[in-house]
Structure formats: C-alpha cells, structure tokens
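A.B. asks: If you're matching positions, the sequence shown starts at 1 in the UniProt record's numbering and goes up one per residue.
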Amino acid sequence: MNLSQNEKDYNRLLLDDDALDLLKELRLLVVGLGGLGSFVTTELVRLGAKNLILVDNDRVSFSNLNRQILYDRSDVGKSKALVASKKLKKIDPSVNIEAFDAGFTAANGSYLVEKADIVIDCTDNFETKRLLNRICYVKGRGLISAGVGSWEGWVASFPFFRKEEKEIPCLECLFPGDLETLKELGGGNLPTVVTTVAVVASVQVQEVINLITQNGENLEGKTLIVDLKTYQWVPVKLSKNPQCPVCSPS
Ligand SMILES: [Zn+2]
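Okay, structure coming up:
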C-alpha cells in the first residue's frame with residue numbers, strides 16, 4: 001500500500017497541491033525529541049513532510065513515557081534520535097530522515113541549521129534555545145520556538161529568511177536577561193503532561209503550515225501563550241529590542 005498517496009489524499013481536503021508540494025520539499029530540523037519533539041515529528045510526517053533532520057543525544061527513560069508518544073517500554077535505554085527515526089519511518093517509509101544521536105552545540109549548530117529551511121525548537125533549556133536563535137538569525141533560517149511547563153506553554157515564530165525585507169524580533173528580544181532566571185520559562189525544571197505538550201507542539205506544526213501557505217495568520221512578531229487550566233489563549237505582540245545583542249548589534 002502506498003501510504004504517501006493515502007496521506008496526501010486525506011490532507012488534500014485542507015491543503016492544496018502547492019502547499020503539499022512545499023511541505024514535501026521543505027527541510028525541517030527538529031531539535032529535541034522529548035515531549036514536544038515526539039508530537040511535532042509525528043504530525044509533520046502524517047502531514048506529508050518528507051525531509052526531517054532529527055537531533056537529540058538523550059536516551060529514553062521510564063519517566064518520559066507519560067508524554068513522549070514516540071516511545072514505549074521496549075525503547076527504554078535506547079537513543080531517542082534512532083528510535084524516533086525508526087518509528088517515523090513506520091508511519092511513512094518514504095520519508096527521508098537524518099538522525100543525529102548528538103546534542104545541538106556551538107560546534108555542530110551551523111552545520112545542522114544550514115541543512116534546513118525551518119528549524120523547530122523542541123528543547124527544554126534556554127541555553128540551547130539561545131544558541132538556536134543566534135545561529136538561525138545569522139543563517140537566515142526560520143525558527144519556531146516553544147516552551148512548556150505544567151499546564152502552560154508558549155510558541156513564537158521567527159521567520160529570519162525574511163529578515164532582509166522586514167524587521168523581525170528574535171528570541172533574545174522576547175527573553176532577555178540571564179539564563180538562570182529564564183530556566184522556568186524553558187520548562188526544563190517544571191513537570192509537564194501530555195496534554196500541554198500535545199497542544200503546544202500542534203501549534204508549532206500549524207505555524208509551519210501557516211508560514212508556507214501564507215494565507216492565514218502566523219506568529220511572526222508574536223508569542224502565543226496558552227494556559228490549559230484556564231483555557232486562555234493569548235497572542236502577545238513582540239517588538240525588537242534595540243539593544244538586542246543578536247538582532248540589533250551595535
Ligand atoms: Zn533580538
């Protein structure tokens with residue numbers, strides 16, 4: 001059975017051929033294959049994305065199984081990047097996946113970002129988020145960043161491939177200050193649940209669609225804050241920080 005054709009037939013109900021062709025050609029780098037990364041990659045493959053680059057140096061643990069839907073008990077102890085690649089290929093064997101069992105670092109960051117058109121930040125720490133932001137800005141790649149913690153999350157989009165045409169604020173305009181005080185916003189030290197990561201990851205994937213189809217709203221220049229306990233869904237406008245060390249260098 002040709003799964004790709006099947007997917008395309010169903011997705012065509014909402015996405016036209018141009019959008020599906022674009023999605024097919026788009027090179028998407030997903031950094032972090034935990035809660036967010038599990039949903040993001042699964043949704044991208046089911047939508048018809050064909051070129052994924054996956055980066056994570058972590059191993060699957062029992063404590064991940066409450067929210068990281070790519071993994072099950074038989075995967076505990078194994079490389080997330082390699083397991084994710086295998087599982088995603090089961091959904092669509094025609095997807096091209098380059099999986100790196102490695103962290104995203106200053107040493108490999110430029111090499112990885114250059115491989116992609118859009119980078120999806122599914123990490124849980126601001127050190128990596130800032131590094132991703134700096135490299136994506138310099139290389140002119142789109143960055144869709146997000147964070148989750150308990151019942152809350154945020155998503156922000158930085159289409160730096162348009163930075164020559166217009167002013168685009170960056171992640172460091174949104175979150176200035178020292179890394180220590182930013183820890184909580186990254187979600188790294190707050191417990192997270194499957195509902196929060198599912199909603200936030202789905203917004204990240206929807207942003208890929210909205211960026212490439214350009215016929216709806218997108219999160220450029222905004223950050224969307226979601227609170228699942230109160231059902232608040234608040235887009236907040238961002239402005240460029242004239243003192244930003246990344247996008248407004250003196
Ligand atoms: Zn900035």
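Positions of the beta carbon are idealized from the N, C-alpha and C atoms, including for glycine.
Since the structure is predicted, the reported quantities are computational estimates derived from the model, not experimental observations.
(1) Hey, quick one: how far does the beta strand (DSSP E) through LEU224 stretch, first residue to last?
(2) Taking C-alpha atoms, which residue in PHE158, SER74, CYS244 lies nearest to LYS222?
(3) Taking 7 Å as the limit between beta carbons, can you name the residues of its chain near LEU22, skipping five residues before and five after?
(4) Quick check on the burial criterion: 16 or more other C-beta atoms within 10 angstroms. Buried or exposed for VAL236?
(5) How is ILE53 classed by DSSP in three states: helix, strand or coil?
(6) Taking 8 Å as the limit between beta carbons, can you name the residues of its chain near VAL199, skipping five residues before and five after?
(7) Looking at the unbroken beta strand (DSSP E) that takes in ALA146, where does it start and where does it end?
(8) Based on the DSSP output, what are the partners of LEU153 in its beta bridges?
(9) If you reduce the DSSP assignment to three classes, tell me which class LEU28 lands in.
(10) Near ligand 1, which residues have their beta-carbon closer than 5 Å to a heavy atom?
(11) With DSSP run on the structure shown, which of helix, strand or coil describes GLU98?
(12) Looking at the strands, I want to know which residues DSSP matches up with LEU232.
(13) I need the straight-line Cα distance from residue 254 to LYS50, nearest angstrom please.
(14) What did DSSP end up calling ARG46 once you bin it into helix, strand or coil?
(15) For GLU207, which residues in the same chain have their Cβ closer than 7 Å to its Cβ, ignoring the five residues on either side in sequence?
(16) Within its chain, find whatever has a CB closer than 7 Å to the CB of LYS78; leave out the 5 residues flanking it on each side and keep chain order.
(17) Could I get the ranges of all uninterrupted alpha helix (DSSP H) runs contained in the segment 77–137, with 4 residues as the minimum, in chain order?
(18) On the three-state DSSP scale, how would you describe LYS237?
(19) Return the chain-ordered list of same chain residues with a C-beta closer than 7 Å to the C-beta of ASP101, the five sequence neighbours on each side being excluded.
(20) Does the beta carbon of VAL200 fall short of 8 Å from some heavy atom of ligand 2?
(21) Go to GLU207, then tell me how far its alpha helix (DSSP H) extends in each direction, as first and last residue.
(22) Mark LYS166 as exposed unless 16 or more other C-beta atoms lie within 10 angstroms of its C-beta, in which case mark it buried.
(23) Is LEU70 closer than 9 Å to LEU20 when the C-beta atoms are compared?
(24) Are LEU36 and CYS136 close, meaning C-beta to C-beta below 9 Å?
(25) Report the CB separation of CYS173 from LYS240 in whole angstroms; it is logged as a contact under 8 Å.
C.D. replies: Per the coordinate set shown:
(1) 222–227
(2) PHE158
(3) ILE212
(4) When all chains shown are included, VAL236 counts as exposed.
(5) strand
(6) Correct list, in chain order: GLY153, VAL226, LEU228.
(7) 142–149
(8) One point to set straight first is that residue 153 is Gly, not Leu, in the sequence displayed. Beta-bridge pairing links GLY153 to VAL148, VAL226.
(9) strand
(10) CYS170, GLU172, CYS173, CYS244, VAL246, CYS247
(11) strand
(12) Position check: residue 232 holds Gln in this sequence, whereas Leu was assumed. Paired residue(s): ASP227.
(13) Limits of the chain in this structure are 1 at one end and 250 at the other, which puts residue 254 out of reach.
(14) ARG46: helix per DSSP, three-state reduction.
(15) ILE144, VAL155, SER157, ASN218, LEU219
(16) ARG59, VAL60
(17) You should have 80–91, 109–114.
(18) strand
(19) ASN57, SER79, ALA81, LEU82
(20) This structure lacks ligand 2; its bound ligands are ligand 1.
(21) 194–213
(22) LYS166 is exposed by the Cβ-count criterion.
(23) no
(24) no
(25) So it is a contact: roughly 5 Å between Cβ atoms.
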